[in-house]
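So in my numbering the end of the sequence shown lands on 308, straight run, no missing numbers. Accompanying notes for the structure given below.
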Amino acid sequence: MIRKAVFPAAGLGTRFLPATKAQPKEMLPILDKPTIQYVVEEAVASGIQEIVIVTGRGKNAIEDHFDRSVELEMMLERKGRADLLEVVRRASDLIDICYVRQKEPLGLGHAVLAARNLVGNEPFAVLLGDDILTDEVPALKQMITVHEAHRASVLLVQQVPASEVSRYGVIDARPLSDGVYQILDMVEKPEPGTEPSNLALIGRYILSQEIFPILEATASDRTGEIQLTNGLKTLLKQQHPFVAVEFKGDWHDAGTVLGFLKTTVEMALRRPDVAPGFREFLRRRLEAEGTDRPACSKPTAVSRA
Numbered sequence: 004m005i006r007k008a009v010f011p012a013a014g015l016g017t018r019f020l021p022a023t024k025a026q027p028k029e030m031l032p033i034l035d036k037p038t039i040q041y042v043v044e045e046a047v048a049s050g051i052q053e054i055v056i057v058t059g060r061g062k063n064a065i066e067d068h069f070d071r072s073v074e075l076e077m078m079l080e081r082k083g084r085a086d087l088l089e090v091v092r093r094a095s096d097l098i099d100i101c102y103v104r105q106k107e108p109l110g111l112g113h114a115v116l117a118a119r120n121l122v123g124n125e126p127f128a129v130l131l132g133d134d135i136l137t138d139e140v141p142a143l144k145q146m147i148t149v150h151e152a153h154r155a156s157v158l159l160v161q162q163v164p165a166s167e168v169s170r171y172g173v174i175d176a177r178p179l180s181d182g183v184y185q186i187l188d189m190v191e192k193p194e195p196g197t198e199p200s201n202l203a204l205i206g207r208y209i210l211s212q213e214i215f216p217i218l219e220a221t222a223s224d225r226t227g228e229i230q231l232t233n234g235l236k237t238l239l240k241q242q243h244p245f246v247a248v249e250f251k252g253d254w255h256d257a258g259t260v261l262g263f264l265k266t267t268v269e270m271a272l273r274r275p276d277v278a279p280g281f282r283e284f285l286r287r288r289l290e291a292e293g294t295d296r297p298a299c300s301k302p303t304a305v306s307r308a
């Protein structure tokens with residue numbers, strides 16, 4: 004049973020400077036909710052019981068967000084704002100969260116390794132906060148179902164256009180069943196024409212505890228970081244099967260300024276209280292630009308930018 008999930012959140016967020024100079028990238032809001040909360044809610048909806056967030060210097064706002072704010076709650080109670088009180092309490096009541104510090108940003112693999120003592124001797128999930136996934140069944144829940152069936156480490160993938168494959172890590176695989184693949188190899192950002200498939204890795208992983216000694220023994224790359232992909236390639240040689248699940252829902256990448264903007268638009272068009280007015284704004288804006296393109300009507304998947 005997958006009970007624990009690790010959230011690496013110690014990065015410096017340099018793509019969003021100067022906005023991230025004094026606040027964590029994970030706390031940048033998409034509409035009225037910080038980015039990290041969307042992913043935490045996915046974990047909760049998937050049955051995760053405990054979350055380990057790997058933080059770093061200057062990330063205290065994440066801990067404050069998922070903690071109680073007694074003064075704010077008392078003020079809302081005095082003013083009779085039960086609606087806002089429920090919103091505020093929801094973040095702190097979502098799930099039990101533990102925190103561990105990554106003292107230096109030494110790569111994703113190093114961040115996962117930092118959670119070792121809190122994860123213990125059991126398989127666990129890793130979720131990256133930049134990837135917001137929407138589907139009728141939460142993406143992580145789909146992966147957990149496959150993990151229980153195959154008793155294997157599980158990665159999440161999605162087909163991307165051939166012209167974009169070189170932007171991602173991709174897998175070489177053979178089908179096991181509908182939407183489930185046995186992974187044969189992984190390639191990080193392959194040169195055009197050399198890619199083994201168009202199945203790109205998304206920021207969701209279910210890993211066995213054997214990944215920890217592997218990461219501990221993994222050498223740093225030329226940037227001085229320990230890459231999770233390198234550890235996964237070693238784990239692949241030791242574990243069979245090692246499977247991937249094809250995600251058929253919408254994949255929103257909030258990890259770049261353009262991707263963050265697209266994700267915000269998509270989420271706004273999904274919100275019943277916001278969508279009508281926002282759609283009308285978009286229609287008028289397009290008309291003002293002299294275009295005859297139709298206004299946005301149905302949300303579509305956002306490709307990673």
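Ideal placement from N, C-alpha and C gives every residue a C-beta, glycine not left out. All figures in this text were calculated on a predicted structure; none of them were measured in a lab.
Task: Counted within 10 angstroms of its Cβ, other Cβ atoms place S200 as buried (16 or more) or exposed - done: Position 197 of the sequence shown, counted from the first residue, corresponds to residue 200. So S200 ends up on the buried side.
Open item on the list: Among N233, L238 and Q26, whose alpha-carbon lies nearest the alpha-carbon of T58?
Closed with: In the sequence shown, counting from the first residue as 1, residue 58 sits at position 55. Ranking the options by Cα distance to T58, first place goes to Q26.
Open item on the list: On the CB-based measure, 16 or more other CB atoms within 10 Å of its CB, does S180 come out buried or exposed?
Closed with: Within the sequence shown, numbered from 1, the residue matching residue 180 stands at position 177. With fewer than 16 other Cβ atoms within 10 Å, it is exposed.
TODO: Enumerate in chain order the residues of its own chain whose CB-to-CB distance from Q52 is below 6 Å, with the five nearest sequence positions on each side excluded.
DONE: Numbered from 1 along the sequence shown, position 49 holds the residue referred to as residue 52. Hits under 6 Å: R6.
Task: 6 Å Cβ shell around K144 - same chain, five flanking residues per side excluded - done: Counting from 1 along the sequence shown, the entry for residue 144 is found at position 141. Taken in chain order, the residues that qualify are S49.
- [ ] For the beta strand (DSSP E) holding V103, just list the boundary residues, first then last.
- [x] Working through the sequence shown from its first residue, we reach residue 103 at position 100. It spans D99 to R104 - the beta strand (DSSP E) in which V103 sits, taken as one unbroken run.
- [ ] May I ask which residues mark the beginning and end of the beta strand (DSSP E) holding R18?
- [x] Translated into positions along the sequence shown, residue 18 becomes position 15. Careful: R18 lies outside any beta strand (DSSP E) and carries neither H nor E.
TODO: Give the straight-line distance between the Cα atoms of Q230 and I214, rounded to the nearest whole angstrom.
DONE: Here the question's residue 230 lines up with position 227 in the sequence shown. Here the question's residue 214 lines up with position 211 in the sequence shown. One C-alpha to the other measures close to 12 Å.
Task: Where Q105 falls, given that 16 or more other Cβ within 10 Å makes a residue buried - done: Indexing the sequence shown from 1 puts residue 105 at position 102. Q105 is buried by the Cβ-count criterion.
Task: Coarse secondary structure for Y41, derived from DSSP in three states - done: As a working note, residue 41 is residue 38 in the sequence shown. Residue state, collapsed to three classes: helix.
TODO: List the residues that DSSP assigns as beta-bridge partners of K36.
DONE: Position 33 of the sequence shown, counted from the first residue, corresponds to residue 36. I33.
Task: Straight-line Cα distance separating V268 from E290 - done: As a first step, residue 290 is located in the sequence shown; it is residue number 287 there, counting from the start. As a first step, residue 268 is located in the sequence shown; it is residue number 265 there, counting from the start. Those two C-alpha atoms are separated by around 18 Å.
Task: Closest residue to A155 among I56, L31, K24 and L239 (Cα-Cα distance) - done: Working through the sequence shown from its first residue, we reach residue 155 at position 152. Here the closest residue by C-alpha is L239.
Open item on the list: Given a cut-off of 8 Å on the beta-carbon distance, is the pair P389 and S166 in contact?
Closed with: There is simply no residue 389 to check, as the chain begins at 4 and stops at 308 in what is shown.
Task: Among L202, E107, P141 and I100, nearest to L121 - alpha-carbon criterion - done: If you number the sequence shown from 1, residue 121 lands on position 118. Comparing Cα positions, the closest option is I100.
TODO: With M189 as the anchor, note down where its alpha helix (DSSP H) starts and where it stops.
DONE: On the sequence shown, position 186 is the one that residue 189 refers to. From DSSP, M189 is part of no alpha helix (DSSP H) but of the beta strand (DSSP E) over V183 to E191.
TODO: Check whether the segment 243–250 touches the segment 170–189, taking contact to mean three or more Cβ pairs, one atom from each stretch, closer than 8 Å.
DONE: yes
Task: Own chain partners of T303 with C-beta closer than 8 Å, once the 5 adjacent residues on each side are dropped - done: As a first step, residue 303 is located in the sequence shown; it is residue number 300 there, counting from the start. In this prediction, T303 has a pLDDT of 43, which is less than 50 and means its spatial position is unreliable; what the coordinates show is noted afterwards. Sequence-distant partners of T303 (beyond 5 residues in either direction) whose C-beta falls short of 8 Å from its own C-beta, in its chain, are D253 and E269.
Task: L158, enclosing beta strand (DSSP E) - first and last residue - done: Walking along the sequence shown from the start, residue 158 turns up at place 155. S156 to Q162 is the span of the beta strand (DSSP E), which, as asked, contains L158.
Task: Proximity to E125 [Cα-Cα], best of A8, E292, T148 and F250 - done: For this step, residue 125 is matched to residue 122 along the sequence shown. Of A8, E292, T148 and F250, the residue nearest in Cα terms is A8.
Task: Option nearest P275 by Cα separation, candidates Q241, L34, M30 and E29 - done: By one-based count along the sequence shown, residue 275 stands at place 272. Cα-wise, what sits closest to P275 is L34.
Open item on the list: What does the alpha-carbon distance come out to for the pair A308 and G262?
Closed with: For this step, residue 308 is matched to residue 305 along the sequence shown. For this step, residue 262 is matched to residue 259 along the sequence shown. Summary for A308: the model assigns pLDDT 35, below 50, so the residue's position carries little reliability; its value from the coordinates is reported in the next sentence. Roughly 5 Å between the two C-alpha positions.
Task: Cα-Cα separation, G14 to L20 - done: Working through the sequence shown from its first residue, we reach residue 14 at position 11. Working through the sequence shown from its first residue, we reach residue 20 at position 17. Taking the straight line joining both Cα atoms gives about 12 Å.
TODO: Can you grab the Cα-Cα spacing for the pair A298 / Q161, in whole Å?
DONE: Here residue 298 refers to the residue found at position 295 of the sequence shown. Here residue 161 refers to the residue found at position 158 of the sequence shown. Low per-residue confidence applies at A298: pLDDT is 49, beneath 50, and the placement is therefore not dependable, though the value from the model is reported in the following sentence. When the Cα atoms are used, A298 and Q161 turn out to be separated by approximately 27 Å.
Task: Inter-residue spacing [alpha-carbon to alpha-carbon] between S300 and S211 - done: Here residue 300 refers to the residue found at position 297 of the sequence shown. Here residue 211 refers to the residue found at position 208 of the sequence shown. Residue placement at S300 is poorly supported in this model, since its pLDDT is 46, which falls under 50; the coordinates still yield a value, given next. Distance between the alpha carbons of S300 and S211: 42 Å.
Open item on the list: In whole angstroms, give me the CA-to-CA distance for G206 and E198.
Closed with: Translated into the one-based positions of the sequence shown, residue 206 becomes position 203. Translated into the one-based positions of the sequence shown, residue 198 becomes position 195. Each residue's Cα considered, the two are about 19 Å apart.
Task: For A203 and V305, the rounded distance between their alpha carbons - done: Stepping through the sequence shown from its first residue, residue 305 is reached at position 302. Stepping through the sequence shown from its first residue, residue 203 is reached at position 200. Low confidence applies to V305: its pLDDT is 44, below 50, so where it sits in the model is not reliable enough to give any reading.
Task: Buried or exposed by the 16-neighbour rule on C-beta atoms within 10 Å, applied to Q310 - done: Nothing can be reported for residue 310, as the shown portion of the chain is limited to 4 through 308.
TODO: Please work out which residues of its chain come closer than 8 Å, Cβ to Cβ, to K236, disregarding the five sequence neighbours upstream and downstream, and give them in chain order.
DONE: Taking the first residue of the sequence shown as position 1, residue 236 is located at position 233. Excluding sequence neighbours, K236 sits near D188 and M189.
TODO: Could you check what DSSP says for D224 in three-state terms: helix, strand or coil?
DONE: Position 221 of the sequence shown holds residue 224. DSSP places D224 in the coil class of the three-state scheme, outside both helix and strand.
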